[in-house]
Amino acid sequence: MRLSVAAAISHGRVFRRLGLGPESRIHLLQNLLTGLVRHERIEASWARVDELRGYAEKLIDCGKLGDTNERAMRMADFWLTEKDLIPKLFHVLVPRYQGQNGGYTRMLQIPNRNKQDRAKMAVIEYKGNCLPPLPLPHRDSNLTLLNQLLQGLRKDQEASTHSSHTVQTPEI
Amino acid sequence: MPVVMVLPWPAAQGLLRKCWEQLQRKVRQSRPGFPSLQWGPALAVQGPAILTEPANDTNGSKEISSFLESIFWMAAPQNRRSIEVNRCRRRNPHKLIKVKNNRDISPECGHLKQKHVLCGYCYEKVCKETAEIRRQREKQEGGPFKAPTVETMVLYLGETPSKQDQGKRIIERARKRPSWFTQN
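For the protein sequence lines, the chains are A and B, in the order given. All residue numbers for the first sequence refer to the UniProt record's numbering, where the first residue is 1 and numbers rise by one. All residue numbers for the second sequence refer to the UniProt record's numbering, where the first residue is 1 and numbers rise by one.
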């Protein structure tokens, strides 16, 4: 039970405070989301991008309800301040992700901003866009020499543990 | 008239005494028949004797003596810190700059990067190309707020749209395709 509330301690708090207040935070996210839908790749400070990611995915889910749905249209109308993007959402982004159930966005950290604040920056993009691909980190293919040797070692270890188990069971 | 004396810091004592004397002078001027008693505070806190002394002494000695008396109340070190103790404090690990061991080499360009961060050089390349593509797109759209309701694709010199790219809006770029931008 919480006996005291220390004013300046925020241990365990999960909700971020952006901008000048809750309303300002929503306006910031509106602007960022509109920019993301227009340009399909946005870079901003890491905290804002992290906050935006959830809203971006929810917008696609809400768009999947369809053009004719009243609630979906109201949501899109609220979040997209530039109204020429509402048809783009319903007719470009939603059909792109018809087969998927989530994971419409990709968020990666970039080197710190070059200005004096050296802020932690991130880039967010809608997957499947037409822009040049980001230098994603990818694992080496399974066919490299090192990975093949490691795979052989793993198989040998499993075989040896399996044979030791089969040898032990008759004793039991 | 009850006056409460608060213990001031040394530099303010001379000032306070001057203010008090000014006040006394003004009161005597306004009411000449007033008894010229030596007024003192009705409530006195423990401290050096300021107002009971006559106001004829030179200011310098008064300030020095009051300063010397009041330095009992200021924090000061008792001994000189030896160089060994100083070295221990200055070279404590928490004051030294920490070594980063999460650095890596980007496989494409060979520049240094942090493990969890994108390579700066490769990202800069991508940024420049996207800026060019966006400039071309704005020229094609002609004005603000004209986003099309079809997918977009980028074509470089000498390329034609394939079968599954029918119906997309095309952005032409007047250069050959960069090696890191594959067509699928």
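Every residue gets a Cβ at the ideal spot worked out from N, C-alpha and C, and that includes glycine. Please read all numbers here as calculations on a predicted model, not as lab measurements.
- Separation of Q30 of chain A and R103 of chain B (C-alpha to C-alpha, rounded to the nearest whole angstrom) is 36 Å.
- For L108 of chain A, the enclosing beta strand (DSSP E) covers residues T105 to I110.
- Note on the segment 46 to 73 of chain A: whole alpha helix (DSSP H) runs with a minimum of 4 residues are 46 to 64, in chain order.
- Taking C-beta atoms as the reference points, G63 of chain A and A76 of chain A count as a pair closer than 9 Å.
- DSSP links D84 of chain A through a beta bridge to no other residue.
- Contact between the segment 163 to 179 of chain B and the segment 110 to 119 of chain A is absent: fewer than three C-beta pairs spanning the two stretches fall below 8 Å.
- Ranking B:R28, B:K115 and B:E132 by CA distance to the CA of N101 of chain B puts B:K115 first.
- Residue environment: W73 of chain B is assigned as exposed (fewer than 16 neighbouring CB atoms within 10 Å of its CB, all protein chains considered).
- Taking the CA atoms as reference points, L36 of chain A sits about 7 Å from E125 of chain A.
- For K127 of chain A, no beta strand (DSSP E) run applies, since DSSP gives it neither H nor E.
- In the structure shown, M74 of chain B adopts coil according to DSSP, grouped into three states.
- Only buried fits S66 of chain B, as 16 or more other CB atoms lie within 10 angstroms of its CB.
- In terms of Cβ geometry, R169 of chain B and V150 of chain B form a close pair [threshold 9 Å].
- Taking the CA atoms as reference points, R89 of chain B sits about 29 Å from R118 of chain A.
- DSSP places T161 of chain A within a helical segment (H, G or I) once states are collapsed to three.
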